[in-house]
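These notes concern the structure reproduced below.
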Amino acid sequence: MSNAWSGRVPEGWKPPAWVPAWRWVAIVAGLLAFLCAVLSPILPLNQRTVAVDWPQNGVLNNVTAPLDSFVAEDLRIAVPCSLAQQLPAEGGNLVSTAPVRGKNNKVNALYVSADRDSLVASVRAVPLLVVPRAQQDNPNCRIEVQADAKHTVVRITGVGAQPLVHDVPDPLLRPQIVGVFTDLQGPAPEGLHAYFLIDTRFNTVATDLRLGVALLGFAATALALVALARFDGLDGRRHRRFFPPGWWRISLVDAVVVGVLALWLMIGSNTSDDGYQLTWEVVSPEAGYMVSYHRWFGVAENPVTWYYQVCSWLAQLSTAAPVMRLPQLLIALACWFTISKEVIPRLGRLARRTPAAPWAAAGVFLSLWLAYANGLRPEPVVALGALLTWCSIERTIATGRLLPTAAAVIIASFCLGAAPGGLIAAAALLVGVRQCLRRFAARAKLVGGGWQGWLAVLSPVLAAGTLVIPVVFWNQSLAGVIEGNFHVKTTIGPNRAWYEELLRYYYLMLPTADGSLARRFGVLIAFLCLVTAALVLLRHRHLGGLARGPAVRLVGIFVGTIFCMTFTPTKWTHHFGIYAGIAGAIAAFAASAVGPSVIARRQARIYFAASALFVLAVAMTGLNQWWYVSSWGVPWWDRPPVIGGYQIADLVLALAVAVALLAFWQQLRSSPEGERDARRGGFWAWSLPAVSFAMVLFILLSFAKGAYAQRHSFSWAKSNLKFVTAGDGCALANDVLVEEDPNQGLLRPLNGEDPRQALRGSEPTQFGSDPDHFWKKLTTTFTDYTDISPDEPEPTAQPVPKGEVPLPFGLDAHAVPVLGSYGVNVPTSVTTGWYQLPPASPDRPLIALSAAGQIAGLGMNGVPSGPESDQLVLEYGRTGPDGTVAPLGATKLYDIGPSFAWRNLRYPRASLPADADAVRLRVSDLSTAPDQWMAFTPPRVPVLRTLQDLVGDQPALIDWQVFFQFPCQHPIRVRDGMFEVPKWRITPDHGGTKMNSERWMSSRFGGPIGVTQRLLSPTTLATYLAGRPDMDWGSLQRYTPYVPEAVPAQLEIGFVEHSGLYSSGPMYTMYGKDEDE
18 MSNAWSGRVP
28 EGWKPPAWVP
38 AWRWVAIVAG
48 LLAFLCAVLS
58 PILPLNQRTV
68 AVDWPQNGVL
78 NNVTAPLDSF
88 VAEDLRIAVP
98 CSLAQQLPAE
108 GGNLVSTAPV
118 RGKNNKVNAL
128 YVSADRDSLV
138 ASVRAVPLLV
148 VPRAQQDNPN
158 CRIEVQADAK
168 HTVVRITGVG
178 AQPLVHDVPD
188 PLLRPQIVGV
198 FTDLQGPAPE
208 GLHAYFLIDT
218 RFNTVATDLR
228 LGVALLGFAA
238 TALALVALAR
248 FDGLDGRRHR
258 RFFPPGWWRI
268 SLVDAVVVGV
278 LALWLMIGSN
288 TSDDGYQLTW
298 EVVSPEAGYM
308 VSYHRWFGVA
318 ENPVTWYYQV
328 CSWLAQLSTA
338 APVMRLPQLL
348 IALACWFTIS
358 KEVIPRLGRL
368 ARRTPAAPWA
378 AAGVFLSLWL
388 AYANGLRPEP
398 VVALGALLTW
408 CSIERTIATG
418 RLLPTAAAVI
428 IASFCLGAAP
438 GGLIAAAALL
448 VGVRQCLRRF
458 AARAKLVGGG
468 WQGWLAVLSP
478 VLAAGTLVIP
488 VVFWNQSLAG
498 VIEGNFHVKT
508 TIGPNRAWYE
518 ELLRYYYLML
528 PTADGSLARR
538 FGVLIAFLCL
548 VTAALVLLRH
558 RHLGGLARGP
568 AVRLVGIFVG
578 TIFCMTFTPT
588 KWTHHFGIYA
598 GIAGAIAAFA
608 ASAVGPSVIA
618 RRQARIYFAA
628 SALFVLAVAM
638 TGLNQWWYVS
648 SWGVPWWDRP
658 PVIGGYQIAD
668 LVLALAVAVA
678 LLAFWQQLRS
688 SPEGERDARR
698 GGFWAWSLPA
708 VSFAMVLFIL
718 LSFAKGAYAQ
728 RHSFSWAKSN
738 LKFVTAGDGC
748 ALANDVLVEE
758 DPNQGLLRPL
768 NGEDPRQALR
778 GSEPTQFGSD
788 PDHFWKKLTT
798 TFTDYTDISP
808 DEPEPTAQPV
818 PKGEVPLPFG
828 LDAHAVPVLG
838 SYGVNVPTSV
848 TTGWYQLPPA
858 SPDRPLIALS
868 AAGQIAGLGM
878 NGVPSGPESD
888 QLVLEYGRTG
898 PDGTVAPLGA
908 TKLYDIGPSF
918 AWRNLRYPRA
928 SLPADADAVR
938 LRVSDLSTAP
948 DQWMAFTPPR
958 VPVLRTLQDL
968 VGDQPALIDW
978 QVFFQFPCQH
988 PIRVRDGMFE
998 VPKWRITPDH
1008 GGTKMNSERW
1018 MSSRFGGPIG
1028 VTQRLLSPTT
1038 LATYLAGRPD
1048 MDWGSLQRYT
1058 PYVPEAVPAQ
1068 LEIGFVEHSG
1078 LYSSGPMYTM
1088 YGKDEDE
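Going by this note's numbering, the first residue of the sequence shown is number 18, and it counts up by one from there.
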């Protein structure tokens, strides 16, 4: 990139004859493009309107309409009081917007109901108006409800001279709507009416005017850039080639990087939000926009959606992991070859000739990329965009040409349109603005015309910078984007302030996947390179063959990015992925700068090596933990790495101290003259690539070991290889085994005795089966440990008769006995009778039983878990000719937890002796503590089928953490502003469900759980991970409607044209900000 043009205008310069015309072309086209861009968000759109009018088809029926915005834009209900005559004396539901049964339905929906004494209109458990039940005999009495963004009004007419009115001017009182439900039956009576207009403000498409203006803006931008390119030719030089010289030559380091990235595509980790983004991309075509599916009441994700839209097109071809990860692989290759072929040569002769420089760049780049960027998140796009922006600015500085600056502006604007972290590209623009302005000034003189020359060179850049606006507002209004981002998302959160940026670094140092050793290392080594580069630039005026200007601008980009990231609304560590490209570039400079050509003092170079080792030591104090299934089989996923009883972090720290002492000794023994040696000492420059590639190798070997450990179960390596070789991309759904009917696998007592007597055994025991004891502490639908009031039982699909308690996992409480020790404060034990094992078969690989309480069992990898005072042991034996059983041994069962909750203990049949044909249980509770108890059912040998076979493509609520692992399943769609009603739910492991899904997707924050809880009762099925009975993969829930006869509502579809400034009012935002996010 030699600066062949001095930038000076020759004396007597006269622009060619074509220049005045093209000058006006550049000005008019550039300003026209800018005008089209800024007008685009406010131009009209066609909005799809959807309404529900009930009763439908002239009859009273229950209909479902689960709104993703939770509340309607406009709701109007009218109920004649006389209809209460059709209800029994104890009352019932006249009209409601949710079923009578359901979790928290009364505190969320609208109910017009009757009891023995009154007629009540209540909204969100607030009785707004009440009249005596006797008004049912008044033919003029009428209850009316209206709710919109301004107020909620209940009016009762016909009961006096003036109507009774209760007007609440609170938009948050609007009731949630999941349908229209009633206890009334028969033909639709006169006067009964319910109507609601669904909030579809984001379901819009561009009008012909808006589309035409956008296309005109694109064409004008292209024309303005053509004019700018013509102005670039005024210096009389040929246009430079697009690719740098020798770009096709592949070096050894290039081959290594390509090989690592290709291998990582197949065996590497997913990122935290892959399922989150994949759901958007799969659902958006039917939703009509990029819907915020898991939170925020269905707002649009605009303006940061263009990258997700590209991935959505790819998802229409295949949702298999290798296909969805292909863009990241291509972006990674583009990043690396930009560093290798463009950035390193630009850093100067010394960078090109230092062997350690490309290896350092590769090591640092890979360490960040493997840890942060192998998923569907947009950070890889931003990392590449920042590099390309810097390269384009450098071309302008080096050549004086302005078209690269316009390209830089386009790239930077699209980076910002891909993710909030795209501000890094703005930093890349700002660091070169002073030098670029000089080039613009010189080019404006060549163009001539005074102020017209300045406008001619600046207008195309202005057009280029605003080109992204019509793209991100392609089918969304300015008012809608403001409402979604500055009202809904800001109100609910997370929305951290700039001064809370330290949280990101706090998370990085926590013992979690956010602060894993790989993530720590990538960031810390990047910061070490940054500090080193900054110190070298400040300390040394002459860099011995390194280019100061480009290096200063690289450092400026990094520092500017640190500043810009403080303004992102969330503080997760995955945003550090945007550093990958710039960090690799700075690493190349740092490796060149710590050589003897720049830093002559040997001890300084050795201190740098000690610092790199110290960074590695700090990183190794973290866990080798990855997201969800990616940690399966990986060594040290739950602890810092250890070898031979010694923490690797301590060993590396000792080595770092030894190297630092060597540097100190060198400092003491060397004279200023003797320590300067520019011919030797390059050895220490290799410390940076050595340490970086040590981490890269550690990561790859960890995943190779994980793939081997999971060879009989699920791993990304096995799943991706299966897709490549057999075309099966259903991933984890092929390895989750489901017990569809647990009653089918119950074992029969060997001697044919009664199942209840067989469970109690022949010896007296204090274990009991009183449902008033331990069942009070358990929920059977959600299988979690929680206090359940016997007077207010949890909602189930059908009411449970008083005195009966359902069993979990679909077990028949009438046929399956249970024993428990809750309330027993003395040591007790029981030995059950023998149960006969059926012949072994591939679809029955396990022995299982349902249990609750605290139990000593086998945890992950067979490690003992639970209190030793509470023993449950499976004893196995062989049946003799006389029918007696000879014991062969005993074992604890695998227990994936959590403690107290109902769960399924299990043990693989293959681990029993081949001649074992009978089993029994030996159970003891030796603790007298009231909070240590246990309960259990008889053993069973379940009949299993894969989740893929059972669920297939039936609609399912798939939690955001897991959809990437279940790409063949059918996430419930969003159509016409409503959720599809699911039949299943797939959740992550217990910890992920409790900490992430149940909070992030909750009703409070506008997630789909707020819809399913109103309509459906969940039953958790017994499931197991093939080949790994010790692992908690997650759970599968079967949904049963509270109102099975309810049918989808018939919709009234229309279209209306609105300005981009039109708003139908503020959206519902429930309780406000999530302070804990």
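The C-beta atom is built at its ideal place from N, Cα and C for all residues, glycine as well.
Please read these numbers as outputs of a predicted model, since none were measured by experiment.
| Check | Outcome |
| --- | --- |
| Less than 8 Å between the C-beta atoms of Thr-221 and Asn-641, yes or no? | no |
| Comparing C-alpha positions only, which one of Leu-943, Trp-919 and Trp-471 sits nearest to Ala-952? | Trp-919 |
| To test your reading of the DSSP string, which unbroken beta strand (DSSP E) runs of 3 or more residues are found completely within the stretch 889–917? | 902–909 |
| Keeping to the same chain, check which residues put their C-beta closer than 6 Å to that of Ile-989; ignore five residues upstream and five downstream. | Pro-972, Leu-974, Phe-996, Glu-997 and Pro-999 |
| So, for Tyr-878: in the same chain, excluding its five sequence neighbours on each side, which residues have a beta-carbon less than 8 Å away from its beta-carbon? | Checking the sequence, you will find Asn at residue 878 rather than Tyr. Contacts found: Asp-1047. |
| Comparing alpha-carbon positions, which option in Thr-288, Ile-579, Glu-298 and Tyr-516 lies nearest Ala-444? | Ile-579 |
| Am I right that Thr-1040 and Leu-754 are in contact with their C-beta atoms under 8 Å? What's the rounded C-beta distance? | 7 Å |
| Closest to Phe-219 by C-alpha separation, out of Asn-502, Arg-618 and Pro-658, would be which residue? | Asn-502 |
| Taking the alpha-carbon positions, what's the Thr-849 to Asp-934 distance? | 16 Å |
| Between Tyr-389 and Thr-549, what straight-line distance do the alpha-carbon atoms span, to the nearest angstrom? | 23 Å |
| From what residue to what residue does the alpha helix (DSSP H) around Pro-657 run? | No alpha helix (DSSP H) holds Pro-657; DSSP gives it neither H nor E. |
| Over what stretch of residues does the alpha helix (DSSP H) that includes Ala-223 continue unbroken? | Taken as a continuous stretch (DSSP letters only), Ala-223 belongs to no alpha helix (DSSP H), being part of the beta strand (DSSP E) at 221–223. |
| Is it true that the CB of Ile-414 sits closer than 8 Å to the CB of Ala-605? | no |
| Within its chain, find whatever has a CB closer than 8 Å to the CB of Ser-135; leave out the 5 residues flanking it on each side and keep chain order. | Val-147, Val-148, Pro-149 and Arg-150 |
| Measure the alpha-carbon distance for Arg-728 versus Leu-387 and round it to whole angstroms. | 22 Å |
| Exposed or buried, Asp-225, counting other C-beta atoms within 10 Å across all chains shown (16 or more means buried)? | exposed |
| How big is the Cα-Cα spacing for Ser-928 and Gly-906? | 11 Å |
| Tell me the residue span of the beta strand (DSSP E) that contains Met-283. | Here Met-283 belongs to no beta strand (DSSP E); instead the alpha helix (DSSP H) covers 269–284. |
| So, at 7 Å on beta carbons, what are the nonlocal neighbours of Gly-482 in its own chain, with the 5 sequence-adjacent residues on each side left out? | Val-426 and Ser-430 |
| Is Met-637 buried or exposed, if buried means 16 or more other CB atoms sit within 10 Å of its CB? | buried |
| So, Gly-417 versus Arg-537, is the Cβ gap smaller than 8 Å? | no |
| Checking 8 Å against the spacing of the C-beta atoms, do Tyr-1085 and Ser-86 come in under that value? | yes |
| Report the CB separation of Ile-7 from Arg-926 in whole angstroms; it is logged as a contact under 8 Å. | Outside the displayed span of the chain (18 to 1094) sits residue 7, for which this structure offers no information. |
| From the DSSP output, read off the bridge partner residues of Thr-174. | Arg-159 |
| With a threshold of 8 Å, are at least 3 pairs of Cβ atoms found where one atom belongs to the stretch 97–115 and the other to the stretch 181–201? | yes |
| Check each candidate in Ala-473, Leu-447 and Arg-460 and name the one with the smallest Cα separation from Leu-251. | Arg-460 |
| According to DSSP, is Val-572 helix, strand or coil? | helix |
| Where Tyr-802 and Asp-970 are concerned, what is the direct C-alpha to C-alpha distance, given to the nearest angstrom? | Caution applies to Tyr-802, whose pLDDT of 34 falls short of 50 and renders its modelled position unreliable; the value that the coordinates give is listed next. Going from the Cα of Tyr-802 to the Cα of Asp-970 covers about 31 Å. |
| By the 10 Å Cβ neighbour count, where 16 or more other Cβ atoms means buried, how is Gly-208 classified, buried or exposed? | exposed |
| Three or more beta-carbon pairs under 8 Å between the stretch 509–521 and the stretch 238–251, yes or no? | no |
| Could you give the C-beta distance for Leu-62 and Ser-494, rounded to a whole number, given that I count them as a contact under 8 Å? | 6 Å |
| Hey, how far is the Cα of Thr-81 from the Cα of Leu-967? | 25 Å |
| Let me see if you follow: with CB-CB separation under 8 Å, is Arg-937 close to chain C or not? | No chain C appears in the structure shown, which is made up of a single protein chain. |
| Pick helix, strand or coil for Ala-865, following the three-state DSSP scheme. | strand |
| Between which two residues does the alpha helix (DSSP H) containing Phe-740 stretch? | 733–743 |
| When burial is assigned at 16 or more other CB atoms within 10 Å of the CB, is Met-1012 buried or exposed? | exposed |
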